[in-house]
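K.L.:
Residue numbers (full-length UniProt numbering): 1 to 39. What follows is a single structure, and I will ask about it in a moment.
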Amino acid sequence: MPKNQEQPESIHNFAWKLRSLSTEEFDATCLEIKKIHPL
Numbered sequence: 001m002p003k004n005q006e007q008p009e010s011i012h013n014f015a016w017k018l019r020s021l022s023t024e025e026f027d028a029t030c031l032e033i034k035k036i037h038p039l
């Protein structure tokens, strides 16, 4: 299976993982992402 078909699925799984987080956990995750990738 081409790797190109794997990426959208992993992104989809990541989105579902974020959706399952509580609001506080989601905010904390966003802060961690901003530390790694400043906007």
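Where is the CB? At the ideal position from N, CA and C, for every residue including glycine.
In whole angstroms, what is the alpha-carbon distance linking M1 and F14?
P.N.:
Confidence is the limiting factor: at M1 the pLDDT is only 49, short of 50, which leaves the residue's position unreliable, though a coordinate-based value still follows. About 20 Å.
K.L.:
Would you kindly work out how many angstroms separate the C-alpha atoms of A28 and H12, rounded to a whole number?
P.N.:
Approximately 20 Å between the Cα atoms of the pair.
K.L.:
Which residue marks the beginning of the alpha helix (DSSP H) containing L21, and which one marks its end?
P.N.:
Run containing L21: none; DSSP gives neither H nor E here.
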